[in-house]
Amino acid sequence: MALREVEAEAGEPLKPREAKHRPANPRVAGSFQYSAEFRKRSKKLLRGMEHFPNYSKYLEDELGGPNSRLMHFIQYLIPEIEYRCGPLADKSVLDFGCGPGPSTAALAMNCRSVAGYDIDPELVDVCRMRLKEHGLESTVRLYCAPNLEDVKDRIGPVDLVLLSGVIEHIPLTERGLRRRLIRTLFGMLKPGGSLYIYDTPNRAWPIDFHTTGLLGIPWTKPGSPSAYARAVRAGRYGDSPRYTPGPRGMEQCGAWGATYWEILGYLKGESFRVQNTRAGGNKHIDYLGGSRRFRLARYPFDFFVGLLARPLRIPITAFYPFLDNLVITKTGAMKRTVKVEGSRAGSSSSSPSLVTVR
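All residue numbers for the sequence shown refer to the numbering used here, where the first residue is 8 and numbers rise by one.
See below:
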């Protein structure tokens, strides 16, 4: 796959559009009407997945209806990010694994600078189409490359990296890949910047809420042929053109999520703080990926889990079916070297000295 970068170039100011052609503001309207071509492209992304148990939800998610991911990000996720990380208006953000771009569009409506990255050129093309329909194409830089290392320097240091429904799609059978990516993303943060992990299925739970809906799948070996065969027999999974055929494809689809402790292990040796362990950090953690059906169940669950988690300074999301609003903030300051004129105390030298400042 060739490296591609899609970046708006400086040019003449755009002329104001006629009112009837101006994209509606989804924050005001509560929804967004995409073009017929965009809807067609979004449906094409799901080809071969029609028999998946969550197919209808996947399709609804990618469009602009009141229950779409776009509206969920605008109405729910953006306020949650700002609650934990401060106003986004002056922040630079990387949407890692941006996919078809609902989170990218929501960020672009609120942030100073947004970059989107994905390895799949088809997804990036749909993301670009989405941004264009929102009138946001000139505010986002999109990168498509097989390896993040190829473009990380072009993206530059950022204040925030959003990983929304991404980690579960990174195969554990590709040894060390998750660790390398998480550490690379952490290294791209400015001091005080944060990794924001959202909507990642928690492998500590025995039910695969994400892909097959089957009990026991997350506790099998990632990429397990027997787990794959069971899901196929149950009619809960089948090979799709978007994924590698066989067990590896089910892993790429997201059947094996991640755990809180797994993610912390990837950052061993780094200096960071888990914001959710601070006062107020456990507020507004969603149950089961934001599903409204389970919001009433969340409150007693919060209470009983909190009895265990809070004394141990463990985020309650570590025990939830999905890892939601998990914020890992880079601590410490960037080293810089400055030249100090004159002699140092206790030294007769008058030459400039170099001092490392944190």
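Every residue, glycine too, gets a C-beta built ideally from N, C-alpha and C.
Burial of phenylalanine 193 is indicated by the presence of at least 16 other C-beta atoms within 10 angstroms of its C-beta.
Only buried fits asparagine 283, as 16 or more other CB atoms lie within 10 angstroms of its CB. Contact annotation: arginine 255 and glycine 230 have beta-carbon atoms nearer than 9 angstroms.
For leucine 188, the enclosing alpha helix (DSSP H) has its first and last residue at 184 to 194. Serine 171 and glycine 253 have their C-alpha atoms roughly 25 angstroms apart. For leucine 130, the CB contacts under 6 angstroms within the same chain, skipping 5 residues up- and downstream, are Gly106 and Pro107 in chain order. Ranking Leu155, Ala241, Pro33 and Leu319 by CA distance to the CA of methionine 195 puts Leu155 first. In this structure, serine 49 places its C-beta atom within 9 angstroms of the C-beta atom of valine 133.
Taking asparagine 209 as reference, the option from Phe329, Lys51 and Ile81 with the minimal CA-CA separation is Phe329. Spatial neighbours of isoleucine 177 in its own chain (CB-CB distance under 7 angstroms, excluding positions within 5 residues in sequence) are listed in chain order as Leu184, Arg185 and Leu188.
Contact annotation: proline 109 and arginine 137 have beta-carbon atoms nearer than 9 angstroms. Just so you know, the alpha carbons of proline 86 and alanine 316 end up roughly 25 angstroms apart.
When rounded, the separation of the alpha-carbon atoms in leucine 143 and leucine 77 is 14 angstroms.
When only Cα atoms are considered, phenylalanine 45 and leucine 53 end up about 13 angstroms apart. With respect to leucine 101, arginine 119 sits apart: the two C-beta atoms are not nearer than 9 angstroms.
In chain order, Ile85 and Leu95 place their CB closer than 6 angstroms to the CB of asparagine 117, counting only its own chain and leaving out the 5 sequence neighbours on each side.
Membership of valine 158 in any beta strand (DSSP E) is not indicated, and neither H nor E is assigned to it by DSSP.
By the neighbour-count definition (other C-beta atoms within 10 Å, threshold 16), threonine 207 is a buried residue. Selection Trp268, Ser38, Cys260 and Phe103 evaluated against proline 73 yields Ser38 as nearest (Cα-Cα).
As the crow flies, the alpha-carbon of threonine 266 is around 7 angstroms from that of alanine 325.
As a beta-bridge residue in DSSP terms, asparagine 209 pairs with Ala265.
Selection Gly242, Tyr273, Gly71 and Arg320 evaluated against asparagine 289 yields Arg320 as nearest (Cα-Cα). Shortest Cα-Cα distance from lysine 51 to any of Ile88, Arg285 and Arg249 involves Arg249. Measuring C-alpha to C-alpha distances from phenylalanine 216 to each of Lys228, Arg243, Arg148 and Ile81 identifies Arg243 as the nearest. The residue among Arg237, Leu114, Tyr327 and Tyr203 with its C-alpha nearest the C-alpha of threonine 146 is Leu114. In the structure shown, isoleucine 323 adopts helical secondary structure according to DSSP, grouped into three states. Of all alpha-carbon atoms in Arg135, Ile162 and Met257, the one lying nearest the alpha-carbon of proline 232 is that of Met257.
Between the alpha carbons of isoleucine 335 and lysine 98 lies a gap of roughly 16 angstroms.
The straight-line gap separating the alpha-carbon atoms of lysine 47 and glycine 104 is approximately 22 angstroms.
By alpha-carbon distance to cysteine 260, the top candidate from Thr191, Leu179 and Leu222 is Leu179. Between the C-alpha atoms of glycine 199 and tyrosine 124 there is a straight-line separation of about 22 angstroms.
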